[in-house]
Each structure stands twice: as structure tokens, then as C-alpha cells.
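Novice:
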């Protein structure tokens, strides 16, 4: 059974600092997604990673995928308050399984 | 990208009653999914709904409790039957879309259900 582990679960960051969220999964997968969820809102798709070595960047967020290590990272560069949200990774094999989510708070 | 709407957006229901949640997509999609997100938790897949076939339920979810309809390629319903307070959650509809040249999965705005 596909299991997805995400860490840390909670992340309190200072503005302008860098940090990384990790997503490990237990079996081979077809693709990996990163989503953002603001309180009381639905999920917003950030990235879809399809192959080993894939790297995608949007603004201060960069996601990468290492299929051999079964690891994806979401790197946050020079955090700003607007990035405060919960971030989920989700892995697709036969269906989509979610990590537990990382609740990110960016403080001034 | 697929645009998904859900009705109702929220509801407060009494235990023992049932609620049907509707999911409408602005384009034809093969795969539709129903998820549950309990407060402060991650998303759990309830079932996969494909048009023209019975829904496929995940472990811990059964058709009698969560009957699903998928009458066409743009619409699905999820019913939460004989509700109890433990069913209080956000229920999200999701679709898989391939129009970008790869599989994207989009989520509806969710239905926030409170059972008293």
C-alpha cells in the first residue's frame, strides 16, 4: 500500500528565511503533486512532477522529485507572509494519496 | 483547467438524516473522486466514480453509508447517509484532467458538513 510521509507537520518561519518541506513515499509512483490550502478554502495546485530529476519553480517556491529516493522537496526561498498556508504533497499510483500536510506560518 | 462547483457549500444537519452533495464540472472528465477532510487533517479518498460503472470505495468506506451517482461525464453526487457527528467534515469533489498534456487533478471548493 502506498504511504506518503510529509515533514515537518508544523513550520514557523521568519520572513526572508529559507526552508524545505520533505515528502517521502513508499512505492513507485506515476506522478507527484504539491498543493496549497488556505484556511477554509479548497486545494490549489502548485506543481505536478512527472519524472526523476524534475524541478519546477514558481515565485519563491521550488519543487523537485527524486524517484530513486522516493523523495520530493518543496523549497521556500525568502519567505513572505503571503506564503502562510498548509502545503500537501500527494502521490499517484493507482489513486492519489496525500501526505499529512505542513502547516506553514511566516512571521515578521 | 477544469472548473468544479459543489452544492451545498455548507450545511448543518441532524443526526440520522442524509445529505446529498452535488459536484458539477465545466468539462467532460472520465475520473471523478470524492474525498473527506476532517478538521485539521489531511484528505482521505472515499471513492472513485467513473461514468457507467459502480463507484470503487476505499477501505473503511461502504456504499450503504456513502452512495455515489455518476450519471454523466460532468456530474456526480455523494450522499452521506444516516449521519452522526463523526461525519462532520469537509467533503471535496475532485477530477482528473488531461487537457494540459499531462494529468492534473483539480478540487472543488468543498462542502462543509456539521452534524449535530
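Protein chains in written order, with this note's numbering: chain A, 74 to 181; chain B, 902 to 1017. We put the CB at the ideal spot given by N, CA and C, even for glycine.
#1: Which partner residues does residue 933(B) have in the DSSP bridge list?
#2: Measure from the alpha carbon of residue 153(A) to the alpha carbon of each residue in 113(A), 91(A), 146(A), 77(A), then state which is nearest.
#3: Is there a C-beta anywhere in chain A that falls below 9 Å from the one on residue 955(B)?
#4: What did DSSP end up calling residue 78(A) once you bin it into helix, strand or coil?
#5: Evaluate residue 915(B) with the Cβ neighbour count: other Cβ atoms within 10 Å of its Cβ, from every protein chain shown; 16 or more gives buried, anything less gives exposed.
#6: Are the CB atoms of residue 989(B) and residue 1020(B) within a distance shorter than 9 Å?
#7: Using a Cβ-Cβ cutoff of 7 Å, what residues of the segment 93 to 123 of chain A are near chain B? List them in chain order.
#8: Strictly under 9 Å for the Cβ-Cβ distance: is residue 128(A) near chain B by that measure?
#9: Residues of the segment 133 to 154 of chain A with a CB closer than 8 Å to any CB of chain B: list them in chain order, please.
#10: Per DSSP, residue 148(A) forms a beta bridge with which residues?
Specialist: Well, looking at it:
#1: Residue mapping note: residue 933(B) aligns to position 32 of the second chain, counting from 1. Beta-bridge pairing links residue 933(B) to 950(B), 996(B).
#2: What you label residue 153(A) is simply residue 80 of the first chain in a count that begins at 1. The shortest C-alpha separation from residue 153(A) is found at 91(A).
#3: Start at 1 with the first residue of the second chain, and residue 955(B) comes out as number 54. So no, residue 955(B) is outside the interface.
#4: Stepping through the first chain from its first residue, residue 78(A) is reached at position 5. In the structure shown, residue 78(A) sits in a strand (DSSP, three-state: E or B).
#5: Working through the second chain from its first residue, we reach residue 915(B) at position 14. Exposed is the call here.
#6: For residue 1020(B) there is no data in the structure shown, the boundaries of chain B being 902 and 1017.
#7: So the close ones are 104, 106, 115, 116, 118, 121, 123.
#8: Position 55 of the first chain, counted from the start, is the residue given in the question as residue 128(A). Not closer than 9 Å to any Cβ of chain B, the Cβ of residue 128(A) fails to qualify, so no.
#9: Only those residues of the segment 133 to 154 of chain A whose C-beta falls short of 8 Å from the nearest C-beta of chain B would be listed, and there are none.
#10: The residue you call residue 148(A) lines up with position 75 of the first chain. Note: residue 148(A) sits in a beta bridge opposite 93(A), 135(A).
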